Each structure stands twice: as C-alpha cells, then as structure tokens.
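Reading the sequence shown from the start, the letters are residues 6 to 681 in the working numbering. Built from N, CA and C at the ideal position, the CB exists for glycine as well. Computed from a prediction, not measured in an experiment: that's the story for all the values here. Reading through the structure tokens given below for one structure.
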Amino acid sequence: MSTSKKNAVSESEISVHWREEGSFIPSQAFIAQANLRDAAIFDRFSADHFPDCFTEYAELLHWERRWDQVLDTSNPPFWRWFTGGVLNASYNCIDRHLATLRNKAALHFVPEDEDEPVVHLTYQDLYVRVNELAAYLRFDLGLRKGDRVTLHLPMIPELPITMLACARLGLIHSQVFSGFSAKAVAERATDSQSRVLITADAYRRSGKLYDHKARADEAVELAAQMGHLIEQVLIWQRYPGHASSASPMVPGRDRVLGDELRAYRGRRVAPEPMEATDPLFLMYTSGTTGKPKGCQHSTGGYLAYAAGTARAVLDLQPQDVYWCMADIGWITGHSYIVYGPLALGASVVLFEGLPSHPDAGRPWRIARDLGVSIFYTSPTAIRALRRGGSDQPEKYDYSFKLMGTVGEPIEPEVWRWYFETVGKGQAVIIDTWWQTETGGVLTSTLPAIHPAKPGSTGPALPGIYPLLLDEQGREIPERSGRAANLCIRNPWPGIMQCIWNDPERFVDTYYGRFCRDRKSTDWRDWPYMAGDAATQDADGYIRILGRIDDVINVAGHRIGSKEIESAALTAPEVAEAAVVAVADPVKGRVPELYVSLKPGEQGSAALVARIGQIVIHEIGKIASPRHVWIVPDMPKTRSGKIMRRVLVALSEGRDPGDISTLANAEVVEEIRKLMG
Ligand code: WTA
6 MSTSKKNAVS ESEISVHWRE EGSFIPSQAF IAQANLRDAA IFDRFSADHF PDCFTEYAEL
66 LHWERRWDQV LDTSNPPFWR WFTGGVLNAS YNCIDRHLAT LRNKAALHFV PEDEDEPVVH
126 LTYQDLYVRV NELAAYLRFD LGLRKGDRVT LHLPMIPELP ITMLACARLG LIHSQVFSGF
186 SAKAVAERAT DSQSRVLITA DAYRRSGKLY DHKARADEAV ELAAQMGHLI EQVLIWQRYP
246 GHASSASPMV PGRDRVLGDE LRAYRGRRVA PEPMEATDPL FLMYTSGTTG KPKGCQHSTG
306 GYLAYAAGTA RAVLDLQPQD VYWCMADIGW ITGHSYIVYG PLALGASVVL FEGLPSHPDA
366 GRPWRIARDL GVSIFYTSPT AIRALRRGGS DQPEKYDYSF KLMGTVGEPI EPEVWRWYFE
426 TVGKGQAVII DTWWQTETGG VLTSTLPAIH PAKPGSTGPA LPGIYPLLLD EQGREIPERS
486 GRAANLCIRN PWPGIMQCIW NDPERFVDTY YGRFCRDRKS TDWRDWPYMA GDAATQDADG
546 YIRILGRIDD VINVAGHRIG SKEIESAALT APEVAEAAVV AVADPVKGRV PELYVSLKPG
606 EQGSAALVAR IGQIVIHEIG KIASPRHVWI VPDMPKTRSG KIMRRVLVAL SEGRDPGDIS
666 TLANAEVVEE IRKLMG
C-alpha cells in the first residue's frame, strides 16, 4: 500500500498491505434488476437532508404510531431515533407479511447431516411457533416488557423463533454465541440480570453431536458464584421428543420446551407496542478490558437501519433465496439473517454446521439445491473453502447474483477466487465494513451503482459521513490515502444506544478520545470512534487496516486479548501473560500466548496444554491460542511495558527490528532459541 504514510497508526497495527487493484463493474443484467440503481440516493441522503433522510428506511417498516421527531440529539451521545414512534419488531418480521407472503418460506433450515431433510418454515409457520413460545414466556413464566433473557442457542430454527418471541413481548434478548463457554454465558447473564436462560440440548458440528445442555448446568453454577440466580433453564431439543444430552434435568429449574408448549398450541399473543427507543436486544462484544460490553440496540432505529441496508446493500428481493453463512450468535446474524431480511419478507437459509463438512463442496450443494441467489460470508470461510476444494464450486450448478464478505479484510487474491470461482465471474461482490456497535453496514459499494475494488470496502453508505482523525484528533484531508482512526461524523439509526448498565464506559470507549467538547449538545462535536484504522483512496473508497485497540480479529470474530490473558493468569503457575495477534493463512489472525512463570515454577508440555485448556474453558474454542510459549521473561521497555511488537515478530519468525530500547534485550534471543 504505497499510499499509507506512517503517521497516526504504527506499522505494527496495520494488518493489510496490498496495492490498489483494478475495479469490477456490475453486469447490465444485475443493474437492470437491482433495488437501487440510481446514484440519486446519495442526493436524498446528502448532509443537508440529515437526519430526515433516514425516514426512507423507517418507512420500510410498519409503525403502530408514526414518530414525532426523526432524531433527538439533545443528550449526546445518547442519540434517540424516531422518538414518539411505536412499533414491534416481531410484528414487522412476521405478522405484516401474512397477507401476501403467508405461504412463502421464511426459513430453510439445513441440518449439518446431509441425510437429515431440510426443514422449510413458511411465514405462517413462523407466526404460529413464535406466538406459542411468546404465550408460554408471557403466561407461564410471567416475563414482561424490559426483562432480559439470555439465549445460548446453536444454529437451529428455534434460535430466530426465540429471538422473535422475545421481541414480540418486548423482552430484551441477549444471545451468546453457542461456541462460547459456560463462563461466558454466566458473565453475560449476570451482567444483564437475566433470570431465564434458553438453550438447546445438543447441536451438530463437524459430524459430531455436541452435548450443549451440560454447559447450561455449569453456567447456572458459575452465575451463582457471581451472585446471580438463573431461575429457569428452558431447553429446546435438537430432535424433538428425544433427549440428546446426558445431563439430567434439574426439577423446578429445567423445562423441555417441546413438552411445555403442548399446552400452548394455537395460542396467540398480541405484539407489545414498543417505543422506537426501547431496547430490542443486547449483543456482548469484546473490548479492551477483560469485561465484554453489552451493546444495546434499539427497536425502531436498529430495525429501520437493518432493513434499509439489507435492501440497499444485499439487494434482497422477493424472488431471492438468501444465505448468510454467519452464526446468529454474532451481530451479522442478528442484522442480516434475522431482523433485516425477515423485515423485508425474504426467504432465508439457516445452516447448522461447518461449511467444510463433510467436504468443501457442501455449501455449493446447498446453493444448488435451494437455488440460493445471494450469499454472504467471511474471508475466513472463503479462505477455508478455497483451501479445502478450490475446484469444488465449478462442479455444482448454482448461480449467485450477489456475494458479500464481512468481518475482516479480504486479500485481493482471495477476493479474485471468490469472484471467479465461487461467483463464476458473474456475481457482484460487496465487501461490507461494520461492527457490533453499528447495527448495520457503514461502508460498502452499492452493488448496482459502484464498481467493486478488491481489498477495499467501498464508499460510505448513504447518510454515513466518515472522518479520518490522526492521533491528535486532527482531521486528515479526505481521499488522501493516509492511515488514520476511522470515525463517523454523524449518528445513524443503527448505532448502539449504550453499553448495558454502563453509560460512562459507553461515552469513554466510543466518544471519549475525539469528542471536541464534553459539554457540547451539538452532535457535530461527537464523532463516533470505530476502533479501526483505515485509509481513504482518491475515489473515496475506504480500506480497513485493522483494529487499533487490544481486540484480535480471529477468523472474523472479535476476541479481547485481555480476556485471554486474564484466563491464562488463573493458572497458579503463571506470573505474566501477553497475547499477540499473528498472521494466519486461513483465519487472518490468530492469538499466540506468551507466559512467564512465578519464581520456582517449571515449564512443561503438560503446563502448556493445561493453559490452552483453561483458555478454551474460560472463553471458548475460538480463543484457543495457536501456541502457548513459556518464556523466561517478557521483552519489556525500561518503564516495564511489554513490547508486543517484538512478540509478534518472534511469532511470525521475523526480525524484531530495533530492540535497543528494551530493558532486557537479551531475552529476545533466549525466546527465539526456545521457539526452535
Ligand atoms: C472488522 C462484524 C475489514 C473491523 C460485523 C471491525 C472488517 C470488526 C470488515 C467488527 C471488513 C468488519 N473489512 N475489517 N469488511 N468488517 N471488520 O463487531 O476490525 O464482530 O471493527 O462486527 O471487524 O467486528 P464485529
């Protein structure tokens, strides 16, 4: 990347270095059918029309009562969108479609095992199932608007059903990724004070049937140790009528939903009228400290933005079959499997398993058999499928009109394979940049309007005004190609409302650094800091360079290095722990863990294995370090700061560069030796 000068962001923080690529123009056939093919949308969403332009998204929804004010900015940075407006997300994703789409597939559930049949749920089916569960939650458990409910559900239809049942009642759902540990569930349930945990007994992944219920038992116990009582555990059976978990039911606490719901057949519950500003859900995400942040999303602004961007960016249309391969446990699944697409009445594929199981042809068989036309996934999945079978896509007769990528930077070489092989040289590609906090996509090409450029996400979406600030908070010239902190000047409807129960941390994390005046009530003084470094090319396209904080993007998933370090420190032998993000050909980045031991302790292969296990147990498999290195000491500056730059270089087998500022330079050679 010849244009990036070293100024705001140090080289070690920049994760991608590739040159500018040629661009790819969408076909006439694609343009002719697209939702948005007129660049006039950027005029409608010009800065002069802010914030009223966003009513265009809100009008995609059904409002019980229309809003009085589009945006209330009187108490920055607690933006309030569509105040006075009343709506229900479950009604918008289900009921309102029944008149015209009752018999249309809302969900195609594809079990991992290819011998199990695909389950097709129509909008009517979804309506029935969501109502029955909502009735049970309301009338049996007495849950009420504003109560929090923690979900730890795998990729089965009961996950969106449960989310929508919560939304119907105004319960705030907090889905924890199913791969996360019991401890992660306990922490999140405790933080959100959820007295109900909804889980499943089992799920399939990589050909195995996992006992998932056992983790709920452990989560309840851990929450109790944290001083929080989870009173009720509701269990969906992966195979209804059949228990797939060896873990025993705890009387009074555990209930099998299939059994309970028998008494609720045919029950209906009126959707709760929700203020636009009432929270819809929490999504916990890693930050710079060990404690995950509960990103709180609103009902009206979030849903409007998810629907509006799904229409504009993913080009969802009535005849499309749409497959987003993300897990609903992450924000991508919330916004672009559940809320956005269902609000638009789309047919959505829900896949339980690992895309490369039993072989790398599996996704393309699913695409062929269901007639998938839109496909959305992460660079990590693309890299893995390319490795596992780069010749597979051509063996299957399917045809994508559009393919998206999200979660991490995509290397131009991988982009080209995606385009030429997966997309068969026809599909339009979008590279969408956004975050848990942003609710929906912020930068991407609009597929029928802008050419796509490999390695670059594209311009900001309509109504989004990016701003690049250097370390001193000075605005760097637009389109200068210089690396800096990516910020957004203005609020938008999908932005999170707050960190659950921690407004101070919310203000500090996202606004503290670049707010021009904390007393100001003018939104212009409150740019949103994304925590990513980026450059803007001469054509206005934004390239994401990577996180500037201690968050590691492992296979497109955010893991806090502090979380891994705290886990390692629970091993009694460990004195110090440092995690670094190391380049990996498939996962983009992976964590490597360096630990030094307390005096008198001895390193051993068994200790290395045990520390690895602790991390998996405390956080989940995705945080598992590629290596645990037991070192005599950490390379440190004279002021005692661990030099992570040096550790990254050691892990990647590179020259650590100038180490003269280290207090203990000799340790670098010692570590290199022990790494072999
Ligand atoms: C990174 C996922 C490059 C970025 C929706 C961001 C990306 C973090 C892209 C958010 C992209 C996301 N290109 N990097 N297209 N999309 N990222 O909260 O570092 O799980 O800050 O949300 O992923 O991850 P999160």
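From the options, residue whose alpha carbon lies closest to that of residue i
i, options, result
"Arg563", "Gly593, Glu581, Leu156", "Gly593"
"Ile635", "Thr88, Leu652, Ile504", "Leu652"
"Arg650", "Leu612, Ile624, Glu597, Ala610", "Glu597"
"Ser571", "Ala111, Leu66, Ile619", "Ile619"
"Met639", "Lys603, Ser629, Leu612", "Lys603"
"Thr462", "Ala453, Leu472, Thr448, His455", "Thr448"
"Glu3", "Ser601, Tyr403, Pro398, Asp100", "This structure leaves residue 3 out entirely; the chain is present only between 6 and 681."
"Leu474", "Leu466, Arg484, Asn490", "Asn490"
"Asp554", "Val201, Pro82, Leu76, Thr294", "Thr294"
"Glu119", "Arg487, Ser211, Arg42", "Ser211"
"Ala576", "Thr540, Leu407, Ala614, Val591", "Ala614"
"Lys213", "Leu138, Glu265, Gly306, Pro116", "Pro116"
"Asp222", "Ala465, Gln198, Pro256, Leu66", "Pro256"
"Ser340", "Gly358, Gly313, Asp364", "Gly313"
"Arg273", "Met254, Gly428, Ser95, Leu308", "Ser95"
"Trp68", "His233, Ala34, Asp152, Pro276", "Pro276"
"Leu176", "Tyr401, Leu156, Thr382, Ser183", "Leu156"
"Pro496", "Lys626, Glu280, Gly306, Thr105", "Gly306"
"Ile240", "Val225, Ile203, Val419", "Ile203"
"Arg367", "Ser485, Ala389, Phe511, Glu578", "Ala389"
"His455", "Gly412, Pro532, Ile547", "Ile547"
"Trp72", "Leu375, Thr304, Glu425, Asp522", "Thr304"
"Leu41", "Ser378, Leu262, Leu466", "Leu466"
"Gly681", "Arg552, Ala668, Gly90, His632", "His632"
"Glu568", "Gln502, Lys109, Phe185", "Phe185"
"Ala194", "Leu321, Val181, Asp206", "Val181"
"Ile664", "Glu657, Ile647, Val238", "Ile647"
"Ser183", "Trp335, Thr514, Arg643, Gly478", "Trp335"
"Ala535", "Asn669, Glu606, Tyr403, Tyr515", "Tyr515"
"Leu142", "Gln502, Tyr269, Gly89", "Tyr269"
Bounding residues of the alpha helix (DSSP H) (the contiguous stretch that carries residue i)
i, result
"Ser197", "187–197"
"Asn93", "Looking at the DSSP string, Asn93 is not in any alpha helix (DSSP H), and its letter there is neither H nor E."
"Asn136", "128–140"
"Ile36", "33–38"
"Ser566", "566–574"
"Trp369", "367–375"
"Glu509", "508–512"
"Ser352", "No alpha helix (DSSP H) contains Ser352, which is instead part of the beta strand (DSSP E) from 352–356."
"Asp120", "Counting along the chain, Asp120 falls outside any alpha helix (DSSP H), and DSSP gives it neither H nor E."
"Val653", "649–656"
"Gln74", "Gln74 -> not in any alpha helix (DSSP H); beta strand (DSSP E) instead, spanning 74–77."
"Phe29", "Where Phe29 is concerned, there is no enclosing alpha helix (DSSP H), given that its DSSP letter is neither H nor E."
"Lys4", "Beyond the ends of the chain as shown, which are 6 and 681, falls residue 4; an answer cannot be given."
"Arg677", "671–680"
"Phe47", "46–49"
"Gln618", "610–623"
Opening and closing residue of the beta strand (DSSP E) in which residue i lies
i, result
"Tyr215", "213–216"
"Cys300", "298–303"
"Asp100", "Where Asp100 is concerned, there is no enclosing beta strand (DSSP E), given that its DSSP letter is neither H nor E."
"Thr88", "85–88"
"Pro596", "593–602"
"Glu581", "579–589"
"Gln322", "Here Gln322 belongs to no beta strand (DSSP E), and DSSP marks it neither H nor E."
"Arg173", "Run containing Arg173: none in the beta strand (DSSP E); it sits in the alpha helix (DSSP H), 163–174."
"Ile635", "633–635"
"Asp259", "259–261"
Beta-bridge pairing of residue i - partner residues as DSSP gives them
i, result
"Arg209", "Leu214"
"Cys329", "Tyr381"
"Gln180", "Leu156"
"Gln541", "Ile547"
"Pro284", "Ser303"
"Leu109", "According to the sequence as given, residue 109 is Lys; it is not Leu. Paired residues: none, contrary to the question."
"Met279", "Leu92"
"Asn558", "Arg563"
"Gln237", "Val201"
"Leu146", "According to DSSP, Leu146 bridges with nothing at all."
Task: Runs of alpha helix (DSSP H) wholly within the region 404–492 (minimum 4 residues, chain order) - done: Complete alpha helix (DSSP H) runs here, min 4: 417–422.
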